[in-house]
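**Student:**
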Amino acid sequence: MDVRSRYNVVVTGKNGGPVVMLAHGFGCDQNLWRLVAPALAEDFQVVLFDHVGSGRSDPSAWRTERYSTLDGYADDVLQICRELDLQQVVFVGHSVSAMIGVLAAIREPDRFAKLVLLTPSPRYVDDAGYRGGFTQADIEELLESLDSNYLGWSAAMAPVIMGNPDRPELGEELTNSFCRTDPRMARVFARTTFLSDNRADLEKVTVPTLVIECASDVIAPREVGAFIHAKIAGSRLVTLDAVGHCPQLSAPEATTRAIASFAADS
Amino acid sequence: MMSGIGHVPSSTGPENGDVTEETIFTALLEDSAEDLYENAPCGYLSTLLDGQIAKVNTTLLRWLGYTRDDLVGRRRFADLLTVGGKLYHETHFAPLLRMQGEIGGVALELRAADGSQLPVLVTSTVKNSADGRPLLIRTTIFDARDRRTYERELLRARQEADLERERLQSLVATLQRTLLPPTLLTVPGLETAAYYHTASSDQLGGDFYDLFPLGDGRWGVFLGDVAGKGPDAAAVTSLTRYTLRAAAAYDPDPVAVLGNLNAVLRQEYSSDDPRYCTVIYGLLVPDGDGFTATLASGGHPAALLLRADGTADYQFTPGGLLVGILPDARFTATTVRITGGDTLLLYTDGLTEALTDVAAGARYGDEALLAFAADLAPTTASGAIRAVTDLLAAFGEGVEDDTAALALGVPASLIQEPT
């Protein structure tokens with residue numbers, strides 16, 4: 002299966018414009034960019050995709066071992082860039098995808114023009130001298146929540162979700178039509194996301210970097226934003242007057258402005 | 190909804206003189222919207238788009254042990270959740286609600302003022318203004334203590350079932366390995382290769398093979414298929430394998446080996462529960478520039494000889510019956526010479542019985558396999574096994590049964606050193 006269908010790659014926007022690649026985080030898929038992508042598409046060539054195990058990516062590409070580290074995801078990002086021959090990429094990573102972008106940019110710095118880290122965190126679990134905001138027990142609690150909420154997912158609906166609607170009547174019954182994920186894969190992604198520690202990778206970033214945080218975000222609190230800003234030399238930090246972990250939904254205009262002005266800046 | 194009132198008045202209203210019904214009806218009308226909101230059998234919560242609590246009903250306050258002033262204008266909805274619930278809310282609930290305008294039936298845990306947890310089911314909708322702008326979020330909360338206990342039991346049962354299944358699969362894989370040699374021994378002057386295709390990870394298959402020395406440079410080889418699947422078949426496979434080895438050590442003549450296996454299967458299993466297998470047994474004797482193979486078969490598909498000159502043929506052993514069925518089964522042998530560039534291919538019927546067209550029920554068959562072999566020849570043992578492996582992979586789901594294949598080839602470049 003080719004790269005485009007494996008990662009459900011969607012390319013829109015200005016042909017020949019600077020490339021902005023939008024990477025979704027844990028919990029959803031490229032739909033999360035729906036309020037931001039159209040405005041960015043006016044000036045940029047926008048590349049959207051779904052991580053393997055999320056959205057409409059190819060479920061047969063799933064390998065538990067590969068996706069048990071963020072390196073597996075970073076490798077996918079580089080593969081998409083190579084296959085689509087993307088150069089001078091402005092990589093925008095939301096949440097866990099911010100660290101996926103960091104890893105990709107360390108491995109192939111020439112591929113990337115800039116990094117935008119949207120509500121990032123290099124480590125969610127507290128550690129000596131570092132406050133990520135969560136304990137190991139909290140992460141187990143999240144896994145329990147995942148187990149009791151197979152939103153929009155059931156084995157019977159899997160064919161529809163995987164884009165094989167031999168039972169089209171099921172399509173109408175789907176309530177949560179966005180961000181459907183096979184719960185087994187979501188569990189692995191959740192562990193990979195919330196139990197990774199990428200603090201040591203931050204200072205290896207050589208690509209110009211913008212950190213965007215929200216004024217109030219339970220998942221990526223402001224001290225974490227400040228930590229990243231301090232570790233990545235020359236990085237910029239923007240604090241949006243927004244609440245929650247997904248400013249591309251709660252404050253789409255401000256988020257678009259921050260991304261676009263940094264991406265266009267030369 | 191009106192349960193507890195007892196009697197629901199007809200649509201024409203109370204009849205004259207029926208004082209009781211009239212009283213009930215009036216009482217119903219006096220159930221104000223206000224009271225219904227405050228003391229509804231569920232929690233109500235209205236928040237701003239950022240989750241800040243703007244309105245909350247008495248039922249929810251009572252469940253959580255908060256006063257109105259504790260919450261309104263001071264706390265967000267997510268503040269009422271456990272930490273794991275907050276993570277779920279931020280990564281799933283809030284984004285979905287934003288995108289869809291509603292989200293329903295989400296299981297979360299609320300944290301009460303005294304620190305206790307209340308399992309609930311949460312449904313939220315976004316209320317829009319007349320021009321379609323989102324204004325606020327309305328949330329309904331149901332007490333789900335009993336339901337969640339039950340669901341947790343279901344979940345635990347499911348996790349246990351998953352674990353059991355994994356355990357079974359690893360047990361099956363381990364047992365299956367004990368029925369096959371871990372690697373084929375090296376036979377001087379002969380290249381060997383084998384492949385075992387497992388059709389099901391839950392069930393033991395009944396195919397087997399082995400290759401072993403018999404002294405004086407002679408080798409024994411067998412490949413077979415026990416009827417059935419699962420533990421019973423595996424027991425027969427195990428017995429068959431060791432009997433063949435022992436019988437060959439006692440008398441390596443292929444007809445005698447199969448005769449002895451037949452006798453043992455007959456002795457072990459009663460005639461009202463017969464167990465049988467098909468097996469091809471070969472005695473390999475080196476002779477100059479190759480080997481003479483004496484083959485005897487008990488009801489097994491004929492071996493294929495892929496010759497150095499590019500031709501291929503079945504090596505039939507007529508009259509060989511299934512082993513283990515009849516008390517005095519007769520087996521016959523055939524002799525094949527294999528020299529430089531020749532490859533002998535043994536296989537089980539999982540290969541020829543594979544469905545090539547699932548919808549039409551068409552199977553691969555002997556003729557197609559012969560054509561495949563003729564196309565392939567000349568080849569090597571590893572080349573033949575690679576081709577069979579690819580063929581099975583191409584059949585995919587069409588391979589319904591376990592399939593074993595074993596190839597023996599005399600390398601084309603082999604030059605006998607003068608002794």
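Heads up: the sequence lines are chains A and B, in that order. So the first sequence is residues 2 to 267, counted in the numbering used here. So the second sequence is residues 190 to 608, counted in the numbering used here. Think of the CB as a built atom: it goes at the ideal place given N, C-alpha and C, for glycine as much as any other residue.
1) Using a Cβ cut-off of 7 Å (strictly closer), state whether A:S149 contacts chain B.
2) Taking B:K275 as the query, report the chain A residues whose CB atoms sit under 7 Å from its CB, ordered along the chain.
3) Could you pull the DSSP bridge partners for B:T481 from this structure?
4) With C-beta atoms as the reference, is A:G56 less than 7 Å away from A:D76?
5) Excluding the 5 residues flanking B:A388 on each side, which residues of the same chain have their C-beta closer than 8 Å to its C-beta?
6) With distances taken from CA atoms, which of A:L79, A:V126 and A:A114 is nearest A:R108?
7) Under 7 Å, do B:D555 and B:T545 count as touching if we go by C-beta distance?
8) Does DSSP put B:V311 in a helix, a strand or coil?
9) Can a CB atom of chain A be found closer than 7 Å to the CB of B:V261?
10) Between which two residues does the beta strand (DSSP E) holding B:I574 run?
11) For a test of the three-state rule: what should DSSP assign to B:V444, helix, strand or coil?
12) Would A:F27 pass as an interface residue toward chain B - the criterion being a Cβ-Cβ separation below 7 Å?
13) For B:G240, go through chain A and note every residue whose CB falls closer than 8 Å to its CB, in chain order.
14) Does the distance from the C-beta atom of A:V219 to that of A:L238 stay below 7 Å?
15) Between which two residues does the beta strand (DSSP E) holding A:V47 run?
16) Determine the burial state of A:T256: buried for a count of at least 16 other Cβ atoms within 10 Å of its Cβ, exposed for fewer.
17) Which runs of the beta strand (DSSP E) fall wholly inside the stretch 334-389 of chain B and span at least 3 residues, in chain order?
18) Just checking: is the beta-carbon of A:S122 within a distance shorter than 7 Å of some beta-carbon in chain B?
19) Counting only Cβ pairs nearer than 9 Å, list the residues of chain B close to A:N32.
20) Counting only the same chain and skipping the five closest in sequence on each side, list residues whose C-beta sits under 8 Å from that of A:V208.
21) Considering Cα atoms alone, identify which of B:L511, B:L493, B:G321 and B:P308 is closest to B:Y339.
22) Give me whichever residues DSSP pairs with B:R327 in a beta bridge.
23) What is the residue span of the beta strand (DSSP E) that A:E214 lies within?
24) Under the DSSP definition of a beta bridge, which residues are partnered with B:W408?
25) DSSP state of B:C466, grouped into three classes?
26) Does DSSP put B:R287 in a helix, a strand or coil?
27) Give me the chain A residues within the contact set of B:E340, using Cβ-Cβ distance strictly less than 8 Å, ordered along the chain.
28) What residues are listed by DSSP as bridge partners for B:F397?
29) Using CA atoms only, rank isn't needed, just tell me which of A:L118, A:A40 and A:D127 is closest to A:A99.
30) Distance check for A:E141 and B:G550, CA to CA, integer angstroms please.
31) Going by alpha carbons, who is nearest to B:Y503 out of B:D259, B:R322, B:L403 and B:T523?
32) By how many angstroms is the C-alpha of B:H386 removed from the C-alpha of B:A362?
33) Rounded to whole angstroms, what is the Cα-Cα separation between B:P284 and A:G28?
34) What is the rounded straight-line gap between the Cα of A:R200 and the Cα of B:K275?
35) Candidates B:R519, B:H278, B:D405 and B:V599: which alpha carbon is nearest A:V244's?
36) Check whether the Cβ of A:E214 lies closer than 7 Å to any Cβ atom in chain B.
**Tutor:** Put simply:
1) In the first sequence, residue 149 of chain A corresponds to position 148, counting from 1. So, interface residue.
2) Reading the second sequence from its first residue, position 86 is the one you call residue 275 of chain B. Near B:K275 (Cβ distances below 7 Å), the residues of chain A are V219.
3) As a position in the second sequence, residue 481 of chain B is number 292, starting the count at 1. B:T481 is bridged to B:V474 and B:R526.
4) Reading the first sequence from its first residue, position 55 is the one you call residue 56 of chain A. Reading the first sequence from its first residue, position 75 is the one you call residue 76 of chain A. No.
5) Stepping through the second sequence from its first residue, residue 388 of chain B is reached at position 199. In its chain, beyond the 5 residues on either side, G394, G539, V588, E589, D590, D591 and T592 have a beta carbon closer than 8 Å to the beta carbon of B:A388.
6) Locating residue 108 of chain A in the first sequence gives position 107, where the first residue counts as 1. Comparing Cα-Cα distances from A:R108 to each of A:L79, A:V126 and A:A114, the minimum goes to A:L79.
7) Counted from its first residue, the second sequence places residue 555 of chain B at position 366. Counted from its first residue, the second sequence places residue 545 of chain B at position 356. Contact: no.
8) Stepping through the second sequence from its first residue, residue 311 of chain B is reached at position 122. Three-state result, B:V311: strand.
9) In the second sequence, the residue the question calls residue 261 of chain B occupies position 72. Any Cβ of chain A closer than 7 Å to the Cβ of B:V261 would place that residue at the interface, and such an atom is absent.
10) By one-based count along the second sequence, residue 574 of chain B stands at place 385. Premise fails: B:I574 lies in the alpha helix (DSSP H), A570 to F584, not in any beta strand (DSSP E).
11) For the purposes of this step, residue 444 of chain B is taken as residue 255 along the second sequence, with counting starting at 1. Assigned with DSSP and collapsed to three states, B:V444 falls in helix.
12) Position 26 of the first sequence, counted from the start, is the residue given in the question as residue 27 of chain A. Interface annotation, A:F27: in contact with chain B, CB-CB separation under 7 Å.
13) Numbered from 1 along the second sequence, position 51 holds the residue referred to as residue 240 of chain B. Under the 8 Å cutoff, chain A gives V244 and G245.
14) By one-based count along the first sequence, residue 219 of chain A stands at place 218. By one-based count along the first sequence, residue 238 of chain A stands at place 237. Not closer than 7 Å, so no.
15) On the first sequence, position 46 is the one that residue 47 of chain A refers to. Where A:V47 is concerned, the enclosing beta strand (DSSP E) stretches over Q46 to F50.
16) In the first sequence, counting from the first residue as 1, residue 256 of chain A sits at position 255. With 16 or more other Cβ atoms within 10 Å, it is buried.
17) The stretch 334-389 of chain B contains these whole beta strand (DSSP E) runs: 380-386.
18) In the first sequence, counting from the first residue as 1, residue 122 of chain A sits at position 121. Taking Cβ atoms only, chain B never reaches closer than 7 Å to A:S122, which makes this a no.
19) Here residue 32 of chain A refers to the residue found at position 31 of the first sequence. Residues of chain B passing the Cβ test: P284 and M288.
20) Start at 1 with the first residue of the first sequence, and residue 208 of chain A comes out as number 207. Counting only residues of its own chain and dropping the five nearest sequence neighbours on each side, A:V208 has a CB closer than 8 Å to the CB of A106, P110, F113, A114, K115 and L116.
21) The count along the second sequence starts at 1 and reaches residue 339 of chain B at position 150. It is B:P308 whose Cα lies nearest to the Cα of B:Y339.
22) Start at 1 with the first residue of the second sequence, and residue 327 of chain B comes out as number 138. In DSSP, B:R327 forms a bridge with B:S235 and B:T314.
23) In the first sequence, residue 214 of chain A corresponds to position 213, counting from 1. It spans T210 to S217 - the beta strand (DSSP E) in which A:E214 sits, taken as one unbroken run.
24) Here residue 408 of chain B corresponds to residue number 219 of the second sequence, with the count starting at 1. DSSP output for B:W408 lists B:P402 and B:L473 as bridge partner(s).
25) Indexing the second sequence from 1 puts residue 466 of chain B at position 277. Shown here, B:C466 sits in a strand according to DSSP, grouped into three states.
26) Numbered from 1 along the second sequence, position 98 holds the residue referred to as residue 287 of chain B. If DSSP states are grouped into helix, strand and coil, B:R287 belongs with the helices.
27) As a position in the second sequence, residue 340 of chain B is number 151, starting the count at 1. Within chain A, the residues near B:E340 are S149.
28) Residue numbering aside, residue 397 of chain B sits at position 208 when the second sequence is read from its first letter. Its beta-bridge partners are B:G413.
29) Numbered from its first residue, the first sequence carries residue 99 of chain A at position 98. For the options A:L118, A:A40 and A:D127, the alpha carbon positioned closest to that of A:A99 is the one of A:L118.
30) Indexing the second sequence from 1 puts residue 550 of chain B at position 361. Indexing the first sequence from 1 puts residue 141 of chain A at position 140. If you take the alpha carbons of B:G550 and A:E141, they lie about 49 Å apart.
31) Working through the second sequence from its first residue, we reach residue 503 of chain B at position 314. Measuring C-alpha to C-alpha distances from B:Y503 to each of B:D259, B:R322, B:L403 and B:T523 identifies B:T523 as the nearest.
32) Taking the second sequence and counting its residues from 1, the one referred to as residue 362 of chain B is at position 173. Taking the second sequence and counting its residues from 1, the one referred to as residue 386 of chain B is at position 197. Cα-Cα distance, rounded: 12 Å.
33) Residue 284 of chain B sits at position 95 when you count from the first residue of the second sequence. Residue 28 of chain A sits at position 27 when you count from the first residue of the first sequence. So the two alpha carbons sit approximately 9 Å from each other.
34) Here residue 200 of chain A is taken as the residue at index 199 of the first sequence, counted from 1. Here residue 275 of chain B is taken as the residue at index 86 of the second sequence, counted from 1. Roughly 23 Å separates the two Cα atoms.
35) Locating residue 244 of chain A in the first sequence gives position 243, counting from the first residue. Per the Cα distances, B:H278.
36) Here residue 214 of chain A refers to the residue found at position 213 when the first sequence is read from its first residue. Not closer than 7 Å to any Cβ of chain B, the Cβ of A:E214 fails to qualify, so no.
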